[in-house]
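Residue numbers (my numbering): 10 to 183.
Pasting the structure below:
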């Protein structure tokens with residue numbers, strides 16, 4: 010039996026209208042897959058399972074209705090709830106240039122010369138771009154996860170390589 014990992018796919022946002030539609034704050038690059046009609050997501054604490062009844066794009070936001078949340082007041086009661094699904098641990102994104110957070114967290118971080126400088130502690134999703142939290146002996150540093158700064162991700166080798174950019178991991182007061 011394949012092993013699975015729990016992945017956060019969204020956060021319940023504001024209700025939209027009176028019939029139970031919810032704006033979902035996405036945490037997945039595959040909303041059409043994770044929020045397809047009939048899919049089941051659950052609360053992160055495991056207390057509630059929700060069946061997707063419908064999903065649609067509305068002005069750049071994903072609006073979802075769940076069978077178990079029939080109206081606005083039911084949605085208000087779960088606002089802020091993190092939604093998770095179990096995925097096969099071997100599953101990878103269809104685009105080879107994309108990565109799941111779980112694939113990156115824990116990888117060694119090498120500088121341009123190949124020196125081990127730390128590890129990826131977290132992936133932070135910001136409006137402009139994703140950012141890697143690089144944990145070093147001197148603390149944590151944030152590095153934008155863009156090709157110019159992180160040109161090499163080697164999952165099999167267990168590392169990401171940073172570009173040769175002066176001050177990328179330096180303290181602000183250095």
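Idealized CB from N, CA, C, for every residue including glycine.
Distance CB(residue i)-CB(residue j) smaller than 8 Å
i           : j           : result
residue 111 : residue 14  : yes
residue 178 : residue 155 : no
residue 169 : residue 129 : yes
residue 172 : residue 153 : no
Contacts around residue i, its chain only, beta-carbon distance under 8 Å, and the 5 residues preceding and following it disregarded
i           : result
residue 182 : For residue 182, the predicted model reports a pLDDT of 48, less than 50, meaning its position is unreliable and no value from the coordinates is stated.
Cross-strand partners of residue i (DSSP beta bridge)
i           : result
residue 46  : Paired residue(s): none; residue 46 is not in a bridge.
residue 24  : 31
residue 169 : 118, 162
residue 175 : None; residue 175 has no bridge partner.
residue 139 : 134
residue 149 : 144
Same chain, Cβ closer than 6 Å to residue i, neighbours up to 5 away in sequence not counted
i          : result
residue 52 : 90
Supposed contact pair residue j and residue i - C-beta distance, whole angstroms, cut 8 Å
i           : j           : result
residue 50  : residue 92  : 4 Å
residue 133 : residue 140 : 5 Å
residue 29  : residue 83  : 6 Å
Residues near residue i by beta carbon distance below 7 Å, same chain, minus five either side
i           : result
residue 185 : This structure cannot settle anything about residue 185, because the visible part of the chain is limited to 10 through 183.
Alpha helix (DSSP H) segments (min. 4 residues) lying fully within the stretch 32 to 98: The qualifying runs are 40 to 43, 81 to 86.
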